[in-house]
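Step one of this worksheet: look at the structure below.
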Amino acid sequence: MPSLPASVDLDECIARLYKKELLAESVIEAVCAKTKELLMRESNVVHVKAPITVVGDIHGQFYDLIEIFRIGGYCPDTNYLFLGDYVDRGMFSVETISLLVCLKLRYPERVHLIRGNHESRGVTQSYGFYTECSRKYGNANVWHYFTDMFDFLTLSVVIDNQIFCVHGDPDPDRDEFSLSPRGAGYTFGAQVVKKFLAVNNMSHILRAHQLCQEGYQVLYDDRLSTVWSAPNYCYRCGNMASVLEVNTQGERFFNVFAAAPENDQHKDMQQGLEKAADGNSLPDYFL
């Protein structure tokens, strides 16, 4: 594990973050720098072994991240794979990504972080993370530290050489590749999934990226699953959430949960911010 300055105690940082306390700007800078060093030694495709618990989009919903740990077990007792989209939308993106990065640095073989489409400069400038960093720290330095680190995040993970894990993005209405309606990238469909699994001798693709009202969705004759881990998304969608537990026999189990009760005290504040930003309409961007 990369060494940190003597003044930075990772266990103390993690304990503070579990209590939703902000870390000092200098600590964030040091942690992000060391995390970059760690990530530079990882492949773009990381191979891991079960048992492991897979987590979908969190989007700054800090209390729901803590609920995930309550349900699935705290680190390092449980191995975790997070599929991206840690920031934006929710009230506590800074605390959420700070905790995940500290856990990755403290337990590098037990915590794995994939890059989602929100782990980028352009998206975070539009959907909340940049503004939150500036509001909580008085400047954009912390946003720069995190977004520089995002460039080094892993793109995919393979569990037991059988389950290919990536952030997104299939389209149930497509068989082959097609241009994304969002104007960036491609979607893919059933035939692409079937062909990819056959060529690579795998059995399943696991992704996040898309809101599921029941918390998860299984498509294409159990060849592809979506796991969504932000319950009551944006504090108003009313959806359930899930994490996917993969055991040593390769069996998959969706553990479904509802929003943490602590969210209620912040719901009005979040909706007030959305009203000020966009006229009280929920953006049609469920990512």
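Every position in the sequence shown, counted from 1, becomes a number in my numbering once 155 is added. For glycine and all other residues, C-beta sits at the position ideal for the given N, C-alpha and C. All values derive from a computational prediction rather than experimental measurement.
Between which residues of its own chain and residue i is the CB-CB distance below 6 Å, once the five residues before and five after are set aside?
i: S248; result: G215, V242, F284 and E287
i: E449; result: Because the chain here runs from 156 to 442, residue 449 falls outside it and cannot be looked at.
i: E184; result: Y300
i: Q365; result: T381
i: V411; result: G370, M395 and S397
i: G211; result: L238, A363, V382, W383 and S384
i: K174; result: none
i: W298; result: Y285 and C288
i: K105; result: Past the edges of the chain, shown from 156 to 442, lies residue 105, and the structure says nothing about it.
i: C367; result: T381 and W383
i: L220; result: I213 and T251
So the candidates are the options; which of them puts its Cα closest to the Cα of residue i?
i: L361; options: K191, V354, V373 and T233; result: V373
i: G344; options: D376, Y371 and V313; result: D376
i: C187; options: T381, E176 and L159; result: L159
i: L310; options: F351, F237, R244 and Y371; result: F237
i: F307; options: L193, I223 and S181; result: L193
i: N316; options: R225, S358, E197 and A415; result: S358
i: G245; options: F217, C367, L399 and F409; result: F217
i: V278; options: T302, Y390 and M195; result: T302
i: N355; options: C389, F319 and C367; result: F319
i: L399; options: F351, M195, F224 and Q280; result: F224
Considering only the beta carbon of each residue, do residue i and residue j sit closer than 7 Å?
i: I233; j: G239; result: Sequence inspection shows Thr at residue 233; the Ile mentioned does not correspond to that position. Not closer than 7 Å, so no.
i: H322; j: G405; result: no
i: Y235; j: V266; result: yes
i: V203; j: V382; result: no
i: S253; j: L178; result: yes
i: A413; j: I314; result: no
i: V348; j: R378; result: yes
i: A415; j: I213; result: no
i: F408; j: S397; result: no
i: N296; j: E176; result: no
Can you find the residues in the same chain that come closer than 7 Å, C-beta to C-beta, to residue i, ignoring five residues on each side of it along the sequence?
i: A161; result: none
i: T190; result: V256, K259, L260 and M304
i: P438; result: Low confidence applies to P438: its pLDDT is 46, below 50, so where it sits in the model is not reliable enough to give any reading.
i: P231; result: Y262 and R265
i: L165; result: L159, C257, L260 and R261
i: E417; result: Y218
i: T403; result: A205 and P206
i: E222; result: F412 and A415
i: F312; result: Note that residue 312 corresponds to Val in the displayed sequence, not to Phe. The answer, listed in chain order, is V201, V203, L236, H267, I269 and C320.
i: K291; result: L177 and V249
i: G393; result: N387
Establish whether the CB of residue i and some CB of chain D are separated by less than 7 Å.
i: E167; result: Here there is only one protein chain, and chain D is not present.
Whose C-beta lies closer than 8 Å to the C-beta of residue i among residues of the same chain, with five residues either side of it excluded?
i: L172; result: L178, E250, S253, L254 and C257
i: I169; result: L254, C257, L258 and R261
i: V163; result: V182, A185 and V186
i: E167; result: none
i: S275; result: T302 and F305
i: G293; result: none
Any heavy atom of the ligand MG within a distance shorter than 6 Å of the CB on residue i?
i: V348; result: Here there are no bound small molecules, and the ligand MG is not part of this structure.
Which ranges does the alpha helix (DSSP H) cover as unbroken runs of at least 4 residues, wholly within the segment 181-248, from first to last along the chain? Scanning the segment 181-248 for uninterrupted alpha helix (DSSP H) segments of 4 residues or longer gives 217-227, listed from N- to C-terminal end.
At 3 residues or longer, and completely inside the segment 269-303: list those beta strand (DSSP E) runs for me, N to C. Given a length threshold of 3 residues, the segment 269-303 has no whole run of the beta strand (DSSP E) inside it.
Which ranges would you report for the beta strand (DSSP E) in the segment 356-392 if only whole runs of at least 3 residues count? Here the runs fully enclosed are 359-362, 371-374 and 379-382.
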